Amino acid sequence: MKDGRQLTMGIESSCDETAIAVLADGRELLSNVISSQIKVHEAYGGVVPEIASRHHLHNIPFVFKQALDEAGVSVDEIDVIGVTAGPGLAGALLMGTAFAKAAAMAAGKPLIGVHHIQGHIMANLLEHPELEPPFLSLVVSGGHTQLVEVRGYNEFKVLGSTRDDAVGEAYDKVARVIGLGYPGGPKVDRLAREGDPHAIEFKRVYLEPGTLDFSFSGTKTGVINYMHSAEQRGEHPKAADVAASFQEAVLEVLVEKTMTALDITGYSGVAMAGGVSCNSRLREKMTEACAARGARLWMPFPVLCTDNGAMIAMAAYKKAQLGIWSDLHLDVWPGLDLETGLGKLDAGYDAHPARSDARKL
Ligand code: KG4
Ligand code: ZN
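In my numbering, the protein residues as written are 76 to 436.
Quick look at the structure:
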């Protein structure tokens, strides 16, 4: 508590960003420090889990101090510590969670474990505090592609998911095959602006009628095959055209399925979430599609679309308001399910009960 304001800290370390933020009264972001490991993993063409864990271990105390300093608060003034407990890379999650538990224990603060995707969805509230469940959300990240009904701040129903690659994963693979390197999404986004989105007609995969599931591996393989055939013929396709055409194919499916989900659920708007939601063409196409049917569109600020501590702080703030806490039993869950797994983070859930053998000695 500082000047009568409730302070929530959010800690995120599920992949390659060590990020900590301080949020006042669930509205004002006092700090949002992000230490990215992009430069470290660039040399390997993707995130190397063990290297990510080691960098979190190294960076987290400094990110923590900077987040407090920039917010102008001391750890004693923090009221709640929120931390991503899954899904994500196990070792990376362990670093953030172990640090959060140590900080909570040392400073005597309550702890709240947060689902990473719940955090991505809650990032919308930082720009749109008026947004209240229920609403529809399109989640597009490096590990997830889902249409989600947000029934409450801590209650989600998954309406459709990818059956193979997540859309961010497809972006990253296509970027590699056209020679752009890691991280692929933002590079494809930038290059595509100089290309013709209809130069090559890559496959649009809708799956069986009525389903809200996705599949992107066919489109991705289409790009890989196209590049290999061109290479065999000694041709050099224009990378900007390939990027723009690939992007158009996957984004068309994303937008159309989202509109179908609006039809099915009857919601009046959709909130985008996850790293791919900062894609400029997706933002453009969703804006057009929503405007055409008079639907609302919520999008986080681009910097809050990719992994950050602010979204975790916001999700923890909402959980605290609902009275949903974790305790020092908090474990990490690399494959944590958004619809059925949230209870694993709650106080009293002890995945590995301790046994005391003292009496037997
Ligand atoms: O949400 P996020 O930061 O991490 C996960 O939870 O996975 O998403 C990362 C993904 C990566 O695949 C990255 O390439 C993609 O988001 N991404 C983008 C853009 N910025 C990040 N994809 C397309 N266009 C972008 N501008
Ligand atoms: Zn993420």
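Ideal placement from N, C-alpha and C gives every residue a C-beta, glycine not left out. All values derive from a computational prediction rather than experimental measurement.
For histidine 116, the shortest C-beta to heavy atom distance toward the ligand ZN is 7 Å or greater.
Closest in C-alpha terms to asparagine 134, from the list Asp78, Glu92, Arg226, comes Glu92.
Considered as a whole, the segment 153-214 harbours 165-182, 191-197, 199-202 as its complete alpha helix (DSSP H) runs of no fewer than 4 residues, in chain order.
Excluding sequence positions up to five before and after valine 252, its CB lies within less than 8 Å of the CB of Val298, Ile299, Met302, all in the same chain and listed in chain order. Contact annotation, glutamine 322 with valine 242: C-beta distance approximately 10 Å; criterion of less than 8 Å not satisfied. Alanine 96 is positioned such that its CB atom lies closer than 8 Å to that of leucine 104. Distances from the CA of lysine 278 to each of Val328, Glu269, Pro261 were compared; the closest alpha carbon is that of Val328. With contacts defined as CB atoms closer than 8 Å, asparagine 199 and alanine 346 qualify as a contacting pair. Here the segment 122-138 lies against the segment 168-177, with 3 or more beta-carbon pairs under 8 Å apart.
Within the model, the alpha-carbon separation for lysine 184 versus isoleucine 156 is close to 7 Å. Nearest C-alpha to glycine 349 among Pro377, Thr362, Leu326, Arg371: Pro377.
Beta-bridge analysis with DSSP links valine 97 to Met84, Ser106.
Check the Cα spacing between cysteine 353 and each of Ser343, Tyr228, Lys332, Thr381: the tightest is with Thr381. For lysine 360, the CB contacts under 7 Å within the same chain, skipping 5 residues up- and downstream, are Leu326, Val330 in chain order. Counting of Cβ neighbours within 10 angstroms places glycine 85 among the buried residues, the total reaching 16 or more.
By the beta-carbon neighbour count (other beta carbons within 10 angstroms, threshold 16), tyrosine 119 is exposed. Annotation: the continuous beta strand (DSSP E) that includes serine 236 extends over 230-236. In this structure, the CA atom of threonine 335 is about 9 Å from the CA atom of glycine 285. The residues Thr93, Ile95, Val108, Ser110, in chain order, have a CB closer than 6 Å to that of valine 138 in the same chain once the five nearest residues on each side in sequence are set aside. In chain order, the residues with a C-beta atom nearer than 5 Å to some heavy atom of the ligand ZN are Ser216, Asp382. Separation of glycine 227 and alanine 433 (C-alpha to C-alpha, rounded to the nearest whole angstrom) is 45 Å. Taking a contact as a CB-CB distance under 8 Å, the pair glycine 188 and leucine 397 does not count as one, their CB atoms being some 14 Å apart. Residue state for glycine 398 is assigned as coil, using DSSP reduced to three classes.
Leucine 206 is positioned such that its CB atom lies no closer than 8 Å to that of threonine 333. Exclusion of valine 249 from the 7 Å shell around the ligand KG4 follows from its C-beta lying no nearer than that to any non-hydrogen atom of the ligand. With contacts defined as CB atoms closer than 8 Å, alanine 146 and serine 89 fail to qualify as a contacting pair. At the C-beta level, glycine 254 and alanine 319 stay beyond 8 Å of one another. Counted as a single uninterrupted DSSP element, the alpha helix (DSSP H) harbouring glycine 260 occupies residues 259-267. In its chain, beyond the 5 residues on either side, Ile156, Leu186 have a beta carbon closer than 6 Å to the beta carbon of alanine 179. For threonine 381, there is no enclosing alpha helix (DSSP H), as DSSP gives it neither H nor E.
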